[in-house]
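Scroll down for the structure; my scribbles are underneath it.
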Amino acid sequence: MLSSGRGTAESCVQKLIMAVTGDETAATGDMPAYQIRTPTTTLPQGVVMATSPGTLHSPQQLTEEATRKRELRLMKNREAARECRRKKKEYVKCLENRVAVLENQNKTLIEELKALKDLYCHKAE
Numbered sequence: 007m008l009s010s011g012r013g014t015a016e017s018c019v020q021k022l023i024m025a026v027t028g029d030e031t032a033a034t035g036d037m038p039a040y041q042i043r044t045p046t047t048t049l050p051q052g053v054v055m056a057t058s059p060g061t062l063h064s065p066q067q068l069t070e071e072a073t074r075k076r077e078l079r080l081m082k083n084r085e086a087a088r089e090c091r092r093k094k095k096e097y098v099k100c101l102e103n104r105v106a107v108l109e110n111q112n113k114t115l116i117e118e119l120k121a122l123k124d125l126y127c128h129k130a131e
C-alpha cells in the first residue's frame, strides 16, 4: 500500500517536471540535461565597478569616498546653476524684445486711432 502511494507521487512529480520544463525525458525518469554557460559581460575592458560601502576597509577610504561624492555633487550643482542663469537671461531678453515690439505696435495703433478720430471729426463738421 505504501509503495503504490509512492509510485503515484513520483508520477505526479514527473508530470509536473514535464509541464514545467517541456522535456519528454521527465516521463522516463531521466534527468533533463542542462547546459552550463560561461558568463558574458557587456562591460568594456578597463571599466571599474563601483565598490559598495561594505567593501571599504578603513575610515580614511570612507571619508575619501564621501569627499569625492560631495565634490561631484557640488560640481553638478554649479553646472546646473550656471545653466539656470543662462536660461533666465535668455528668457528675460526675449521678454524685453517682446515688450519693445508691443510698445511699437501700441504707438502705431495710437497714431492710427488719432488719425481716424481727426478724419471722423472733420467729416462731422
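Note that the sequence shown covers residues 7 to 131 in this note's numbering.
Quick reminder that beta carbons are idealized off the backbone N, C-alpha and C, glycines included.
These numbers come from a predicted model, not from an experiment.
For His-63, name the three-state secondary structure that DSSP assigns.
In the structure shown, His-63 sits in coil (DSSP, three-state: anything other than H, G, I, E or B).
Measuring straight from C-alpha to C-alpha, what distance separates Glu-85 and Leu-122?
So the alpha carbons of these two residues sit roughly 55 Å apart.
Could you check the C-alpha separation between Glu-109 and Glu-96 for me, to the nearest Å?
Each residue's CA atom was taken as its position, placing Glu-109 and Glu-96 some 20 Å apart.
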